[in-house]
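Q: First, the structure itself, so that you have it in front of you.
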Amino acid sequence: MDSTFDDEQVLSYTDAQIVHYFEILPRLPESPRITSLSAKYVAKHYHEEEAEDAIRAMEFASRLGVRVPRIKRIVHANGAVICIMDRIQGAPLDTEWLKLGWIASIRLAFQLRRTIRRLRSVQSSTAGSLATGECRSFYLDDTFGLPHRASLDQVNAFINFWVNFVSIGHEVKKTPAHHSTCSNPAFSTNQPFVFTHHDLAPRNIILDPAGQLWLIDWDYGGFYPKFFEYAGMHNFITTGWSKSALRRWKLFTWVSGGAYDRQNHWLRIIRSRITRFRPARRFNMMANGYAAAARRPCKDS
């Protein structure tokens, strides 16, 4: 079979041919799940259970007028999904940021602000992805997770548990009465969840030759607290950035996503604690405590 992908045949190729090209053509260095088919198209690999959520988020954002890659074809193969989409012409902000000045950075920040406002114009009383309702947030994913389409109370309880977490030993010593209520609720919002990209790190924001911003990688898209978008904009490691570049990014995130430094501080701590103590919530769940709501069951061993 020819090793050159023919753009004109993208809709005519059989599923087997699409899989063949996905496997033999080079992957993008920054993402092993994405194959470069041609100068016009890329193909991204998804697990079956996550594909519908990512695709639905991308299509929904497009209907809101957000610049996202256009999906050209979807292929199901061997329990996986290959999604062929337009290759966005331009460069990600992580490679362009050091070339930008203050004025250009502020202009782009206001452009992204308008985009984020479009996303936030859509609200929901429950959290999670658009199709399945699964909470794919890296701030809400301990061993047990949250139920699909989690409520405000359930999300608040989860966040408050991890904000107040001290140690597993401390959890073991708690009585059922201690587990039943949160003694120090740091978060208690009654605002509805908003549509959120959730991973607007510079690598996922493409600047095209016309100066327009495109948002890629909607794998974590869904309905979450408003401040999750701001926190997601800091979900990357700055390599080789000067102090000036860091200050410009800080201003960029404030202008575009809002100033949620306190919430971002706590979410970073929560993520660190979850990484180190993923099953710690099991004791609260076993006591049917205030943060017991979960997607995966707790098995008392």
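With this note's numbering, you'll find the sequence shown wraps up at 377, consecutive numbering, no jumps. C-beta atoms are modelled at their ideal positions from N, C-alpha and C, and glycine is treated no differently.
1. Straight-line CA distance for HIS341 to ALA262?
2. Between which two residues does the alpha helix (DSSP H) harbouring LYS313 extend?
3. Which of helix, strand or coil does DSSP assign to GLY333?
4. Start and end of the alpha helix (DSSP H) containing SER181?
5. Could you pull the DSSP bridge partners for ASP162 from this structure?
6. Looking at the secondary structure, which residues open and close the beta strand (DSSP E) in which PRO108 lies?
7. Using DSSP with H/G/I as helix, E/B as strand and the rest coil, what is TRP290?
8. On the CB-based measure, 16 or more other CB atoms within 10 Å of its CB, does HIS274 come out buried or exposed?
9. According to DSSP, simplified to helix, strand and coil, what is GLN93?
10. What's the call for SER332, buried or exposed, on a 16-neighbour Cβ count within 10 Å?
11. Strictly under 7 Å for the Cβ-Cβ distance: is LYS148 near chain D by that measure?
12. Considering THR272, what are the terminal residues of the beta strand (DSSP E) in which it resides?
13. In angstroms with no decimal places, state the Cα-to-Cα distance between ASP217 and ILE350.
14. With three or more C-beta pairs closer than 8 Å as the rule, is the segment 244 to 258 touching the segment 351 to 367?
15. Which value, in whole angstroms, describes the spacing of the CA atoms of ILE131 and GLU210?
16. Roughly how many angstroms lie between the CA atoms of ASP229 and ILE164, to the nearest whole one?
17. Round the Cβ separation of ALA127 and VAL157 to the nearest angstrom and send it over; I've been treating them as touching at under 8 Å.
18. Please state if the CB of ALA153 and the CB of VAL95 are separated by a distance shorter than 7 Å.
19. Is DSSP giving TYR306 helix, strand or coil here?
20. Going straight from the alpha carbon of ILE192 to that of PRO168, what length do you get?
21. Please go through the same chain and pick out, in chain order, the residues whose beta-carbon is closer than 6 Å to the beta-carbon of SER377, but skip the five residues on each side of it.
22. Give the range of the alpha helix (DSSP H) segment to which GLY245 is assigned.
23. Between HIS123 and ARG109, is the Cβ-Cβ spacing less than 7 Å?
24. In angstroms with no decimal places, state the Cα-to-Cα distance between ARG354 and PHE186.
25. I'd like to check one pair, GLY298 with SER197: are the Cβ atoms closer than 7 Å?
26. Once you ignore the five residues that flank SER348 on each side, which residues in its own chain have a CB closer than 7 Å to its CB?
27. Inspect the beta-carbon positions of LEU222 and ARG372 and report whether they are closer than 7 Å.
28. Mapping DSSP to helix, strand and coil, what is PHE299?
29. I'd like the span of the alpha helix (DSSP H) that includes VAL239, first residue to last.
30. Can you list, in chain order, the residues of its chain with a C-beta nearer than 7 Å to that of ILE346? Leave out the 5 residues immediately preceding and following it.
31. Pull the bridge partners of LEU322 from the DSSP assignment, please.
32. If you scan the segment 125 to 173 from start to end, which runs of the beta strand (DSSP E) of 3 or more residues do you find wholly inside it?
A: Taking the structure as given:
1. 12 Å
2. In the sequence on display, residue 313 carries Ile and not Lys. ILE313 -> no alpha helix (DSSP H), and no H or E assigned at all.
3. helix
4. 178 to 196
5. TYR117
6. 107 to 112
7. strand
8. buried
9. helix
10. buried
11. Note that chain D does not occur in the displayed structure, where there is just one protein chain.
12. 269 to 272
13. 8 Å
14. yes
15. 14 Å
16. 39 Å
17. 4 Å
18. yes
19. helix
20. 18 Å
21. Only weak support exists for where SER377 lies, its pLDDT of 42 falling under 50; the value from the coordinates is given anyway. Excluding sequence neighbours, SER377 sits near nothing in its chain.
22. 244 to 249
23. no
24. 38 Å
25. no
26. none
27. no
28. strand
29. 228 to 240
30. TYR215, ILE235, TRP238, VAL239
31. In the DSSP output, where bridge partners are listed per residue, LEU322 has none listed.
32. 147 to 153, 156 to 162
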